[in-house]
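Take a look at the structure set out below.
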Amino acid sequence: MAIDELLDEREQGERVKAWLRDNALGLVGGLVVGAALIGGWQYWKNRTHTQAVEQHAAYQTALLDIRSGEFDKASQTVAGLPDTAYSELAALQLAKAQVDKGDRDAAIATLEAVKGAEPGVAAVVKQRLARLLTDAGRGEDAVKLLADADDAVSLEARGDAHFALKQNEQARADYAQALRQLDSAAQQRGLVELKLSEVGGTPDEPEVES
1228 MAIDELLDER
1238 EQGERVKAWL
1248 RDNALGLVGG
1258 LVVGAALIGG
1268 WQYWKNRTHT
1278 QAVEQHAAYQ
1288 TALLDIRSGE
1298 FDKASQTVAG
1308 LPDTAYSELA
1318 ALQLAKAQVD
1328 KGDRDAAIAT
1338 LEAVKGAEPG
1348 VAAVVKQRLA
1358 RLLTDAGRGE
1368 DAVKLLADAD
1378 DAVSLEARGD
1388 AHFALKQNEQ
1398 ARADYAQALR
1408 QLDSAAQQRG
1418 LVELKLSEVG
1428 GTPDEPEVES
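Quick note on this note's numbering: the sequence shown kicks off at 1228 and runs consecutively.
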């Protein structure tokens, strides 16, 4: 091998050593950060799984207490659940059992304690709570609860609250809006039409698809 080539290789080797020396801290830091990220991800995944298992177990315990008629124990379990779909579903089950038992006020308290972490389930909670409030003579609270209602079921429930308050004009508007969102074949439609007629409204003819 020529002397020039040996010198070139030696020079390249020195450059590599110098680069490694200058960048060693960054390389080590990158490896440490990468390891930390991987470790953090694994910890978060395991922790999330553990929490989900614990919440499911607590939910099942609450259901068993409800079926056994031990509502006080079930209430404590539900109250201890974090604000997730599990807590909302458990609260709905507990409230239904309380209503079936004839304890409407307890059911109202159960549903009022729900924070509403899951939008889909929270909407059902609001609808059922509004109906209970209306039945308890708290129509104004029901109207406030459903102030932002935009689906047919919620609008019908708000209309019922207005009707209970003898606010026929507002009830008529709610029922009419609910009907506009219902398909012509919807089972709910016939009942809402009757309610609309009762407050002096006239149901629109449903559109027929060509």
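Virtual Cβ for every residue (Gly too), placed ideally from N, Cα, C.
Residue i vs residue j beta-carbon contact at 7 Å
i       : j       : result
Thr1288 : Thr1304 : yes
Ala1391 : Thr1361 : yes
Ala1301 : Leu1316 : no
Ala1399 : Val1426 : According to the sequence provided, residue 1399 is Arg. The question's Ala does not apply to it. Taking 7 Å as the Cβ cut-off, Arg1399 and Val1426 qualify as a contacting pair.
Leu1359 : Ala1318 : no
Leu1356 : Leu1373 : no
Ala1336 : Ile1293 : no
Ala1384 : Gly1366 : no
Simplified DSSP assignment, three categories, for residue i
i       : result
Leu1319 : helix
Gly1307 : helix
Asp1378 : coil
Glu1297 : coil
Cutoff 7 Å: residue i Cβ touching any chain B Cβ
i       : result
Thr1304 : You won't find chain B in this structure, because it holds only one protein chain.
**OP:** List in chain order: all unbroken alpha helix (DSSP H) runs of 4+ residues lying wholly within the region 1386-1429.
**Re:** 1395-1407, 1415-1425
**OP:** Give, in chain order, every unbroken run of the alpha helix (DSSP H) that is at least 4 residues long and sits entirely within the region 1328-1372.
**Re:** 1331-1339, 1346-1362, 1366-1372
**OP:** Tell me, please, whether the region 1372-1391 touches the region 1401-1418 by the rule of three or more beta-carbon pairs shorter than 8 Å.
**Re:** yes
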